Amino acid sequence: MYLKISGAVLIILATYLYGHNLSFMYYNRVRRLEELLMALEMFLTEVNYSLTPLPQAFISIGEKISRPVGGLFFDAAKLMQQNRGLSACECWRSAIKKNYRDLDLTRNNMDLLDRLGLIWGRSDKNGQQRQIALIQELLRQALGEAQVKHQKNEKICKYLGLLGGITLVLFLL
Amino acid sequence: MQSIGNVIKKQICTFMAPRLRSIIEFLPQDLLAKTEEIRLRHSRPLILYWAGGESYLGKRGPTPSLREAYTVTGEDLERTLELICSYSLYACEEELRGGYLTIPGGHRVGVAGRVVIESGSIKTISNVSSLNFRIARQILGAGEKVLPFLFDRHAGRIYHTLVISPPQGGKTTLLRDLARLISNGVGILGQGGQKVGIVDERSEIAGCFQGVPQLDVGIRTDVLDACPKAEGIMMMLRSLSPQVIITDEIGRDEDVRALEDAVHVGVSVIASAHGSSLDEICRRPVLGLMLENNYFERLVFLSNSKGPGTLEMIVEGERGLPLYSARGGGE
Numbered sequence: 001m002y003l004k005i006s007g008a009v010l011i012i013l014a015t016y017l018y019g020h021n022l023s024f025m026y027y028n029r030v031r032r033l034e035e036l037l038m039a040l041e042m043f044l045t046e047v048n049y050s051l052t053p054l055p056q057a058f059i060s061i062g063e064k065i066s067r068p069v070g071g072l073f074f075d076a077a078k079l080m081q082q083n084r085g086l087s088a089c090e091c092w093r094s095a096i097k098k099n100y101r102d103l104d105l106t107r108n109n110m111d112l113l114d115r116l117g118l119i120w121g122r123s124d125k126n127g128q129q130r131q132i133a134l135i136q137e138l139l140r141q142a143l144g145e146a147q148v149k150h151q152k153n154e155k156i157c158k159y160l161g162l163l164g165g166i167t168l169v170l171f172l173l
Numbered sequence: 001m002q003s004i005g006n007v008i009k010k011q012i013c014t015f016m017a018p019r020l021r022s023i024i025e026f027l028p029q030d031l032l033a034k035t036e037e038i039r040l041r042h043s044r045p046l047i048l049y050w051a052g053g054e055s056y057l058g059k060r061g062p063t064p065s066l067r068e069a070y071t072v073t074g075e076d077l078e079r080t081l082e083l084i085c086s087y088s089l090y091a092c093e094e095e096l097r098g099g100y101l102t103i104p105g106g107h108r109v110g111v112a113g114r115v116v117i118e119s120g121s122i123k124t125i126s127n128v129s130s131l132n133f134r135i136a137r138q139i140l141g142a143g144e145k146v147l148p149f150l151f152d153r154h155a156g157r158i159y160h161t162l163v164i165s166p167p168q169g170g171k172t173t174l175l176r177d178l179a180r181l182i183s184n185g186v187g188i189l190g191q192g193g194q195k196v197g198i199v200d201e202r203s204e205i206a207g208c209f210q211g212v213p214q215l216d217v218g219i220r221t222d223v224l225d226a227c228p229k230a231e232g233i234m235m236m237l238r239s240l241s242p243q244v245i246i247t248d249e250i251g252r253d254e255d256v257r258a259l260e261d262a263v264h265v266g267v268s269v270i271a272s273a274h275g276s277s278l279d280e281i282c283r284r285p286v287l288g289l290m291l292e293n294n295y296f297e298r299l300v301f302l303s304n305s306k307g308p309g310t311l312e313m314i315v316e317g318e319r320g321l322p323l324y325s326a327r328g329g330g331e
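Protein sequences appear in the order of chains A and B. No gaps in the numbering here: position 8 of the first sequence is 8 in this note's numbering, and each next residue is one more. No gaps in the numbering here: position 221 of the second sequence is 221 in this note's numbering, and each next residue is one more.
This is how it looks when you write it as structure tokens:
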């Protein structure tokens with residue numbers, strides 16, 4: 001009997017945690033997108049007011065924003081400073097590859113991140129501002145969608161996890 | 001001091017696209033040692049220049065055959081420009097407007113491409129089609145032979161001097177070494193160091209990178225980097241109290257006015273100008289007027305006859321008396 005009860009508790013706990021993780025992913029996505037927007041704002045400040053070279057600007061952003069979003073900038077900057085002849089796009093993509101698992105972003109969000117690689121440092125100040133502003137706008141839309149999904153799915157995921165576990169236990173019993 | 005070969009490998013190659021880097025890095029030392037320029041032109045062969053010669057570069061090194069030469073691609077140029085700008089084209093706008101970029105070590109990279117004009121002035125260069133790496137060389141001692149002729153032993157000052165030579169004749173190298181010698185002090189002349197101000201409009205004399213001189217211009221030298229000559233000379237006079245002002249390639253009206261001010265407040269001026277003879281210089285409106293008014297007490301003529309920086313003649317400005325001649329020797 002004790003075995004059955006502990007098994008049932010374990011199943012319910014496992015499905016609840018699964019549901020909780022799923023809801024946490026929605027929460028995380030919102031946070032990452034907000035951090036990305038903040039990072040782009042910081043980058044624009046560096047460009048506008050001090051014309052900081054890209055690697056230094058990235059390091060400064062990486063130090064102010066925690067991983068994984070800060071890690072994207074920090075890792076890309078480190079690659080740039082290694083003098084291996086890589087392009088900014090290659091460094092950025094490599095940093096995305098290293099951090100993408102922790103970002104909890106959708107494929108569309110990742111495409112936006114990838115597009116940033118084609119922009120970094122490749123135009124004059126005005127061009128850079130315009131291109132970053134465009135990506136910021138798209139990220140804001142993505143953030144809006146992520147917030148709606150988060151509000152809609154957070155409780156559902158948690159309850160579904162719990163109820164799914166209870167249903168499974170009842171079915172097995 | 002590092003050999004030029006090592007300088008190219010360590011300071012120049014790091015700013016080149018990987019494919020170009022792999023070609024340059026494996027060139028023989030003797031070829032690198034005499035290299036003056038490395039030219040990258042879109043869809044054209046990679047060419048290396050030295051005084052009086054050039055060589056195509058192929059994947060296996062220098063080659064006499066145009067067919068075997070490596071053809072520079074758009075991607076090579078794009079990647080190289082990205083590395084030179086430290087991935088930040090927006091931070092190099094001002095330099096690009098002037099047609100060149102400076103990299104650590106004081107080496108300059110000339111840029112050609114499509115010039116974008118806005119409100120009648122150059123905004124930037126886009127679609128870069130050529131890059132020219134000019135290797136900065138410091139020849140320590142280049143000014144030792146000249147300096148005794150430029151020094152007024154009685155007054156303990158440097159004469160107002162104009163250095164004249166055709167392009168690539170060694171003017172800048174001489175100015176740089178004179179700055180170093182005057183600034184550090186010259187034992188043989190019994191002369192302590194003097195405060196030197198360099199107005200380096202094209203970042204050639206001191207080879208500044210982010211404002212810091214990369215070449216040895218002496219311990220008592222202040223450099224106004226990328227600063228227009230006329231404004232720079234006035235700034236120097238107002239706040240840096242130089243005893244000697246050194247500047248490159250004068251020729252505009254406003255340069256002359258600023259030099260006049262410097263001369264009147266007792267600051268010695270050493271400047272340079274393009275030209276191959278005194279007659280040629282005299283025919284130029286602004287410089288001709290300066291010579292007519294005897295602003296310069298010494299005229300130094302250089303040429304390429306025995307390589308860049310060959311000292312041809314030193315002339316006393318007012319009376320035109322030759323003080324030194326390559327054929328006849330010194331006073």
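Note that the Cβ used here is the ideal one computed from N, Cα and C, for glycine as well. Since the model is a prediction, treat every value here as computed from it, not as a measurement.
Under a CB-based cut-off of 8 Å, is residue i close to chain A?
i: Pro104 (chain B); result: no
i: Tyr87 (chain B); result: yes
i: Glu82 (chain B); result: yes
i: Arg157 (chain B); result: no
i: Glu331 (chain B); result: Unreliable placement is indicated for Glu331 (chain B), whose pLDDT of 49 sits below 50; no coordinate value is reported for it.
i: Ala112 (chain B); result: no
i: Val166 (chain B); result: According to the sequence displayed, residue 166 (chain B) carries Pro and not Val. No, because no Cβ of chain A sits closer than 8 Å to the Cβ of Pro166 (chain B).
i: Ala226 (chain B); result: no
i: Glu93 (chain B); result: yes
i: Thr124 (chain B); result: yes
i: Tyr90 (chain B); result: yes
i: Arg97 (chain B); result: no
Of all the CB atoms in chain B, is at least one closer than 8 Å to the CB of residue i?
i: Asn88 (chain A); result: Strictly speaking, residue 88 (chain A) in this sequence is Ala, with Asn absent from that position. Yes, Ala88 (chain A) lies at the interface with chain B (some Cβ there is under 8 Å from its Cβ).
i: Lys64 (chain A); result: no
i: Ala114 (chain A); result: At residue 114 (chain A) the sequence reads Asp, which differs from the Ala that was named. It does not; no Cβ of chain B falls within 8 Å.
i: Arg93 (chain A); result: no
i: Gly161 (chain A); result: no
i: Arg122 (chain A); result: yes
i: Leu72 (chain A); result: no
i: Val69 (chain A); result: no
i: Gly85 (chain A); result: yes
i: Met42 (chain A); result: no
i: Gln128 (chain A); result: yes
i: Met38 (chain A); result: no
May I have the straight-line CA-CA distance separating residue i from residue j, to the nearest angstrom?
i: Ile245 (chain B); j: Leu44 (chain A); result: 40 Å
i: Ala271 (chain B); j: Ile12 (chain B); result: 29 Å
i: Gln138 (chain B); j: Ile158 (chain B); result: 22 Å
i: Glu331 (chain B); j: Gly320 (chain B); result: Because Glu331 (chain B) carries a pLDDT of 49, less than 50, the predicted location of this residue cannot be relied on, and no value is offered for it.
i: Ser88 (chain B); j: Ala17 (chain B); result: 16 Å
i: Leu237 (chain B); j: Ala262 (chain B); result: 7 Å
i: Ile205 (chain B); j: Cys85 (chain B); result: 21 Å
i: Arg108 (chain B); j: Ser55 (chain B); result: 20 Å
i: Ile12 (chain A); j: Leu163 (chain A); result: 8 Å
i: Ser303 (chain B); j: Thr310 (chain B); result: 5 Å
i: Leu17 (chain A); j: Gly62 (chain A); result: 31 Å
i: Arg176 (chain B); j: Glu137 (chain A); result: 52 Å
i: Val128 (chain B); j: Leu81 (chain B); result: 8 Å
i: Tyr134 (chain B); j: Ile38 (chain B); result: Reading the sequence as shown, one finds Arg at residue 134 (chain B) and not Tyr. Near 7 Å, if we compare the C-alpha coordinates of Ile38 (chain B) and Arg134 (chain B).
i: Leu140 (chain B); j: Met42 (chain A); result: 45 Å
i: Ala146 (chain A); j: Arg67 (chain A); result: 20 Å
i: Lys171 (chain B); j: Leu37 (chain A); result: 52 Å
In terms of residue numbering, what span does the alpha helix (DSSP H) encompassing residue i cover?
i: Asn184 (chain B); result: Lys171 to Asn184
i: Trp92 (chain A); result: Ala88 to Leu103
i: Tyr26 (chain A); result: Tyr2 to Thr45
i: Ile24 (chain B); result: Pro18 to Glu25
i: Tyr159 (chain A); result: Lys125 to Leu172
Mind checking which residues open and close the beta strand (DSSP E) that includes residue i?
i: His107 (chain B); result: His107 to Glu118
i: Asn132 (chain B); result: Ser121 to Arg134
i: Ala271 (chain B); result: Ser268 to His274
i: Leu299 (chain B); result: Arg298 to Ser303
i: Arg39 (chain B); result: Thr35 to Arg41
i: Met313 (chain B); result: Thr310 to Glu316
i: Asp54 (chain B); result: In the sequence as displayed, the identity of residue 54 (chain B) is Glu instead of Asp. From DSSP, the beta strand (DSSP E) with Glu54 (chain B) extends over Gly53 to Gly58.
Pull up the CB-CB distance for residue i and residue j, whole angstroms please, since I reckon it's below 8 Å.
i: Asp248 (chain B); j: Glu297 (chain B); result: Going by Cβ atoms, the distance from Asp248 (chain B) to Glu297 (chain B) rounds to 19 Å, so no, they are not a contact pair.
i: Phe149 (chain B); j: Ile281 (chain B); result: In fact, because the Cβ distance is near 18 Å, the residues do not count as touching under 8 Å.
- Hey, is the segment 31–41 of chain A in contact with the segment 4–18 of chain B, meaning 3+ C-beta pairs nearer than 8 Å? no
- Using 8 Å as the Cβ pair cut-off and three pairs as the minimum, do the segment 57–76 of chain A and the segment 96–113 of chain A touch? yes
- Item | the segment 223–239 of chain B touching the segment 250–260 of chain B, judged by at least three CB pairs closer than 8 Å | Yes: at least three Cβ pairs fall under 8 Å.
- Cβ contact check for the segment 78–85 of chain A and the segment 107–120 of chain B: 3 or more pairs under 8 Å: no
- Message: Counting beta carbon pairs with one atom in the segment 117–127 of chain B and one in the segment 283–293 of chain B, are three or more of them shorter than 8 Å?
- Response: no
- So, do the segment 25–36 of chain B and the segment 41–56 of chain A have three or more beta carbon pairs nearer to each other than 8 Å? no
- Item | Segment contact flag, the segment 177–187 of chain B with the segment 61–79 of chain B, C-beta cutoff 8 Å, min 3 pairs | Under the 8 Å Cβ criterion, the segment 177–187 of chain B does not count as touching the segment 61–79 of chain B, having fewer than three qualifying pairs.
- Task: Please confirm if the segment 149–157 of chain A is in contact with the segment 7–27 of chain A, defined as three or more CB-CB distances below 8 Å between the two stretches.
- Result: yes
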